[in-house]
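First the structure, in the form of structure tokens, and then the observations on it.
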Amino acid sequence: MKHKVLATLALLLGGGFVTAHAAPPTAADLIYTGGDIVTMNDKQPSAQALAVKGGKILAVGDRKAIESQHKGTKTKVVNLAGKALLPGFIDAHSHYFSSLTVANQVNVYAPPAGPGKDPASIVAALAKFKERNKVPKGTLIQAYGYDENVMPNGRLLNRDDLDKAFPDNPILVGHVSMHGGVMNTAALKQFNFSAETKTPPGGVIVRKPGTNEPYGLIMETAWLPVFASLPKPSAAQEIEWSLAGQRLYAEAGVTTAHEGATHAEDLALMQRAAKGGGYLIDVITYPFITELEPILKANPVSGWGKYDNRLKIGGVKVTIDGSPQGKTAFFTKPYLTGGPGGERDWPGELTAPQEAVNKAVKAVYDLGVPLNLHANGDGAIDAFFKAHESAAAGDLSKDRHVTMIHAQFTRRDQIDKFVQYKVTPSFYTLHTYYFAEAHIANRGKEQTMYISPMRDAIDRGLKPTNHTDFVVAPLDQMFMLWTAVNRISRAGAPIGPDQRITPMEGLKAMTINSARQHLEEDLKGSLEPGKLADLVILDKNPLKVPSMAIKEIKVVETVKEGRTIYKRGA
Ligand SMILES: [Zn+2]
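The opening residue of the sequence shown carries number 13 in the numbering used here; numbering runs sequentially from there.
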């Protein structure tokens, strides 16, 4: 009432006082208009204009109304020129920390993402890298993305291939699952593997046929000590590498990244880099269960779930099996092609016995923090539900903010338990493209057709997310969306067309649903007043192009809290 009186008084005093420079009461810093605004808000799915002030969304709606209410003299009006504005992508699961080193490693992904089609091509890529970077003798050379499933005639990469070309450098070719790698003799020596090394439970050390000598490939628990002792950036490189890693995410339109299995010293590095201003985007880290003790000592749980210099500890990561393409995922039925070391009747195995899984899940529930649980095979998914039934006895349906990472080989009958126990599946539809042929060979057609069953999950009321698992698969959000909508394999075959989802559902799985997974739904994931101005501009609207063209859509610009952090071609 008082304001109305003052306004009337101002009018009575004459228009002379209202100068041309006067800004509206809530002048925006920015107004986006002139293109499709896809909000991910069911109550207002599209809009003509979006106003930003102080890093937050001020208003979404009709262009005329927004300009008359929020366009001040200093407001910058951004013409989208027919492009599409969406909420910045929220990464449901990837390995952010690995992005720091990817810039310094050799890409040996299988085509089309890389050159790794056979052992010779991998050796050639490594040699090129060594030459270009003038790597001195004795220095470790690392590669990422090795996929044995595309190797011709089952001719796998081994230590002999690497020794011939690199007698004087330790070589470590990371497996595409990130759960292992192939080493040459120098690296095996550096990481203490020999004929005398016993294979630990839950681990794989492939031996040279007819001998006990390691043949190069080390996986799962046998790999963990290698992973833990890999070289880390120097103090001077920490911020530089963090920014380089985050630029990869920004280029992909991602404004919140996930770090899906963090070790204590890596967390300390991330905290130093964040404090030093090395963060462009938000990063949510999930400490690995095996590192919980030192991490809790340095980071009391009371500080979890809050951002500090763009870094937040989200909860705990528990991994209970391996990867289906590495044949280390745990199933109720054996692989059709045996185990990774030639084992027969091999169903894979849990990385730890059921009692240990129960204990780990109970420990996370007792802390009262979100759980990200890695399970791929239907046997591992059963094992988690058993652990839940033991740890959550008394109140099985309480929302404990549990996300099952991958949940790839979910059986039809297991969907009920996701619903009943309020577990969010974070699926991995990129496998319908990258690994479908391998899965058909290893697991059969019927199981492969049902991988990452997003359609059934959504129809049963779940709010699944979808992820790249970068660096396991390339960080390409539009390609991920394309796989969820089309489900077509590398060889061009439809993979479970009945599980296809709509582009809108696919976009929700990487925006509002993943915001919900991270308990950030009130701040992120849709374009609504009060939420953060975390935005992505795409050259085309994914809801309007033919579904097969979604993978051609390019990220043009990425905005974090009103500030442009990536611009294509700039
Ligand atoms: Zn992962």
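The beta-carbon is built from N, C-alpha and C at its ideal position, and this holds for glycine as well.
Contact test: residue i Cβ vs ligand 1 heavy atom, cutoff 7 Å
i      : result
Gly272 : yes
His105 : yes
Asp278 : no
Ile43  : no
Ile393 : no
Val50  : no
Ile417 : yes
Val484 : yes
Buried/exposed call for residue i, threshold 16 Cβ in 10 Å
i      : result
Ala372 : buried
Gly214 : buried
Ala310 : exposed
Leu348 : exposed
Ser111 : buried
Lys566 : exposed
Lys83  : buried
Gln432 : exposed
Thr223 : exposed
Ser80  : exposed
Asp54  : exposed
Thr460 : buried
Lys543 : buried
Asp173 : buried
Asp471 : exposed
Asp534 : exposed
Arg71  : It should be pointed out that residue 71 corresponds to Ala in this sequence rather than to Arg. By the neighbour-count rule (16 or more Cβ atoms within 10 Å), Ala71 is buried.
Glu250 : buried
Straight-line Cα distance separating residue j from residue i
i      : j      : result
Ile577 : Ile500 : 33 Å
Gly315 : Leu323 : 11 Å
Asp394 : Lys142 : 45 Å
Pro336 : Asn388 : 7 Å
Arg412 : Lys398 : 16 Å
Met195 : Phe178 : 11 Å
Asn478 : Val114 : 22 Å
Gly272 : Pro382 : 13 Å
Gly351 : Glu252 : 41 Å
Lys16  : Asn321 : Its pLDDT being 43, under 50, Lys16 is placed unreliably in this model, and the coordinates cannot settle the point.
Ala39  : His107 : 39 Å
Gly265 : Lys86  : 27 Å
Lys410 : Arg502 : 40 Å
Gln117 : Ile463 : 31 Å
Arg284 : Pro221 : 46 Å
Thr441 : Phe396 : 21 Å
Gly538 : Ile524 : A small correction: the amino acid at residue 538 is Ser; Gly does not occupy that position in the sequence shown. Roughly 6 Å separates the two Cα atoms.
Leu242 : Ile301 : 19 Å
Gly26  : Lys76  : Here the model assigns Gly26 a pLDDT of 39, short of 50, so the residue's position is not dependable and the matter cannot be decided.
Gly100 : Ser559 : 21 Å
Ala207 : Glu225 : 4 Å
Tyr261 : Ala269 : 7 Å
Thr20  : Tyr291 : Unreliable positioning characterises Thr20 in this predicted model, as indicated by a pLDDT of 42, which lies under 50. A coordinate reading is not provided.
Lys429 : Val135 : 46 Å
Gly574 : Val64  : 7 Å
Arg4   : Val216 : Only positions 13 to 582 of the chain appear in the structure, and residue 4 is not among them; the question remains open.
Val50  : Pro541 : 14 Å
Gly288 : Glu458 : 51 Å
6 Å Cβ shell around residue i - same chain, five flanking residues per side excluded
i      : result
Val218 : Tyr227, Leu229, Gly353
Phe342 : Asp333, Gly360, Glu361, Leu362, Gly389, Gly391, Ala392
Trp358 : Pro346, Tyr347, Gly350, Gly351
Gly518 : Leu493, Ala496, Val497
Thr267 : Gly100, Ile293, Asp546, Lys572
Leu152 : Pro182
Gly257 : Ser111, Leu112
Pro127 : Ser133, Ala137
Gly482 : This sequence places Phe at residue 482; Gly is not what is there. Excluding positions up to five away in sequence, the list reads Ser106.
Ala22  : Low confidence applies to Ala22: its pLDDT is 41, below 50, so where it sits in the model is not reliable enough to give any reading.
Close beta carbons around residue i, own chain, < 7 Å, minus the five adjacent residues each side
i      : result
Tyr44  : Ala61, Leu62, Val90, Leu92, Leu97
Asp510 : Arg467
Trp494 : Ile562, Lys563
Gly338 : His187, Ser189, His191, Gly192, Met231, Pro352
Thr197 : Arg171, Asp175
Arg423 : Asp390
heavy atom of ligand 2 below 7 Å from residue i C-beta
i      : result
Asp481 : Ligand 2 is absent from the structure shown, which contains only ligand 1.
Same chain, Cβ closer than 8 Å to residue i, five either side skipped, listed in chain order
i      : result
Lys520 : Met52, Lys475
Gly581 : none
CB contact check: residue i to chain D, cutoff 8 Å
i      : result
Arg580 : The structure shown contains no chain D; it is built from a single protein chain.
Give, in chain order, every unbroken run of the alpha helix (DSSP H) that is at least 4 residues long and sits entirely within the region 390 to 471.
-> The region 390 to 471 is shown to contain whole alpha helix (DSSP H) runs of 4 or more residues at 390 to 403, 427 to 432, 443 to 446, 448 to 455, 457 to 461, 466 to 471, in chain order.
Length-filtered (3 minimum) beta strand (DSSP E) runs lying within the region 171 to 232 = As far as the region 171 to 232 is concerned, its whole beta strand (DSSP E) runs of at least 3 residues are 183 to 187, 192 to 195, 215 to 219, 226 to 232.
Starting from the N-terminal side, write out each stretch of the alpha helix (DSSP H) that is 4 residues or longer and does not extend beyond the region 263 to 332.
-> Within the region 263 to 332, the runs of alpha helix (DSSP H) that reach at least 4 residues and sit entirely inside it are, in chain order, 276 to 287, 304 to 310.
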